[in-house]
Every structure is written in C-alpha cells, then in structure tokens.
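Student:
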Amino acid sequence: MARVGRVLLPNYPHHIVQRGHNRQVVFAEDADFERYLSDLRELKDAFGVKVYAYCLMTNHVHLLLAPDDSLAGLSQLMKTLAARATRYRNRLEGRSGTLWESRFKSSIVQSDAYLLACSRYIELNPVRACMVAEVGDYPWSSYALRMGAAPEQSWLDDDPCFKALGVRDEERRRRYAEFVRQAVPAEELSLIREAIQRGQLTGSNRFVDEVERIAGVRIERRKQGRPKLE
C-alpha cells in the first residue's frame, strides 16, 4: 500500500524528525544547540505543544511532541523553529537559502505501548551514532533533564508514562534509567525507525484502527511488536 499523506492529530504524541537540507550540518557549535533549545522552550507554550523528549544531532533533530486541541500549533512550532534557525545561520554566515528539508517527518505514537520506547530511541541516538559511550554524556538530549541533573532548569512536560513508573521522582528516574540500559530489541528499533521514515504509526494494529477512525484515512500496516518494560 502506498504511503498516505502525513497524519497529525490533536492530543496525541508525535515523533518528529527534521533534517538539514541535503543532510547539511545545522548545529556546528554549542551556541547553535543552545539557541534551538531556547527557542523550543519559549515556543512550546506559545503554540500549545508539550515536549516529552528531544535530541539534537549534528544535522537533524528528534522531538517527541504532543499538541493540544489546536493541531495547527504543531506545524506552526516546527515552522517557526526552522525559520529562526535559518535566519540565525544565514545572518551568521552572510548567506541566503534554506537550512532544513522543506517537510518534517512525523509518526503518531501509541502512548501506553510505545511512548517510553520512543523516548528511549530518541535519547539513545548519540550512543547508536558512537558519539558518546553513555546516554547521560550527551548534552543535547532530554535525558539529563529527565533524570534531574538540573531540576531548577527542567522544562520538559509531564510524560504520563514516565510518571506512571513510580510514585516518587527518584523511583521514576531509577526505573527509566534501567529501561534505557536494557538491550533494545531489534524489532522495536526497526519498528520505530521505519515508522518515522515511512510516515507510519508507532503502535499496534489496534492503534492503527483507532487512528484510521479518527483521521478518516487508510494507514499502512506493519508487523506487530511491543516493547517490554521490566
């Protein structure tokens, strides 16, 4: 079945990937990363979008975002983030032109089964890319904020599945750290990666049925799979 157009839904988490144009570098210095995160922190509330996880890589970004009832906020957020970064880079380098691919990729995520798995996938990107040995060593992902490294600076929104890991913050962080340290099943890795690359849903066939009913479109199916939290 051919891939359908991008599906976005209010009040559902979305795994978002946006790459540099022709995979060019978009974050060359620490200041580039810091500016993007500062903009994300500022704009998420303005556009009514929750941020559950993020990871800024050299030439692309991974975001786990949940729009409120006003779905337009998600696209507006991504458009504004891209525009600000482009203006900054063009002014810095004295050039004109685009910095990003024209269209970001997205995948709606099934909360109960895949939200934590998707957060883990996003935050482990630098480890899979052999940029760091430990997930906590990378400064441009949400892992440090999630684990309470700088609680007074944390601006991540409450992830309902993360909160369900325990009654106290310490318990939640401990269980999530254990979850991240587990070997990620190849099936889970493949499902999340293919979902974002092909514009599919990150979830079960039952979840696909649910989203089809809400969105009114046919959505491509895939093999079943579900991550385990031990």
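The sequence shown runs 0 to 229 under numbering that gives the first Met the number 0. The beta-carbon is built from N, C-alpha and C at its ideal position, and this holds for glycine as well.
Run through DSSP, which three-state label would P66 get?
Tutor: Indexing the sequence shown from 1 puts residue 66 at position 67. Three-state result, P66: strand.
Student: Which value, in whole angstroms, describes the spacing of the CA atoms of L155 and E92?
Tutor: On the sequence shown, residue 155 is found 156 positions in, with the first residue counted as 1. On the sequence shown, residue 92 is found 93 positions in, with the first residue counted as 1. If you take the alpha carbons of L155 and E92, they lie about 32 Å apart.
Student: Let me check one thing: in DSSP terms, what residues is Y53 bridge-paired to?
Tutor: Here residue 53 refers to the residue found at position 54 when the sequence shown is read from its first residue. Its beta-bridge partners are L62.
Student: If you count every other CB in all the chains shown that lies within 10 Å of the CB of S189, and 16 or more means buried, which is it?
Tutor: Counting from one through the sequence shown, the residue named residue 189 turns up at place 190. With fewer than 16 other Cβ atoms within 10 Å, it is exposed.
Student: I'd like the list of long-range same chain contacts for G165, defined as Cβ closer than 8 Å, with 5 residues on each side in sequence excluded.
Tutor: Numbered from 1 along the sequence shown, position 166 holds the residue referred to as residue 165. Here the set comprises R171, R173, R174.
Student: For Q181, list the residues DSSP reports as bridge partners.
Tutor: Position 182 of the sequence shown holds residue 181. Answer by DSSP bridge pairing: none, since Q181 is not bridged.
Student: Closer than 7 Å by C-beta to I195: which residues in its own chain qualify, once you throw out the five before and the five after it? Chain order, please.
Tutor: Residue numbering aside, residue 195 sits at position 196 when the sequence shown is read from its first letter. Excluding sequence neighbours, I195 sits near H14, V16, K104, S106.
Student: What is the DSSP secondary structure of V210, reduced to helix, strand or coil?
Tutor: Taking the first residue of the sequence shown as 1, we reach residue 210 at position 211. Note: V210 maps to helix in three-state DSSP.
Student: On the DSSP bridge list, what partners appear for V48?
Tutor: The residue given as residue 48 occupies position 49 in the sequence shown. Answer by DSSP bridge pairing, in chain order: P66.
Student: Which whole-angstrom value describes the C-beta separation of S140 and C54, a residue pair presumed to lie in contact below a C-beta threshold of 8 Å?
Tutor: The count along the sequence shown starts at 1 and reaches residue 140 at position 141. The count along the sequence shown starts at 1 and reaches residue 54 at position 55. Between C54 and S140 the Cβ distance is about 4 Å, and since that is below 8 Å, they are a contact.
Student: Looking at C-alpha atoms only, which residue of H20, L70, M77 is the closest neighbour of V6?
Tutor: As a first step, residue 6 is located in the sequence shown; it is residue number 7 there, counting from the start. The option with the nearest alpha carbon to V6 is L70.
Student: Quick check: what's the CA-CA separation for V50 versus R94?
Tutor: Numbered from 1 along the sequence shown, position 51 holds the residue referred to as residue 50. Numbered from 1 along the sequence shown, position 95 holds the residue referred to as residue 94. About 31 Å.
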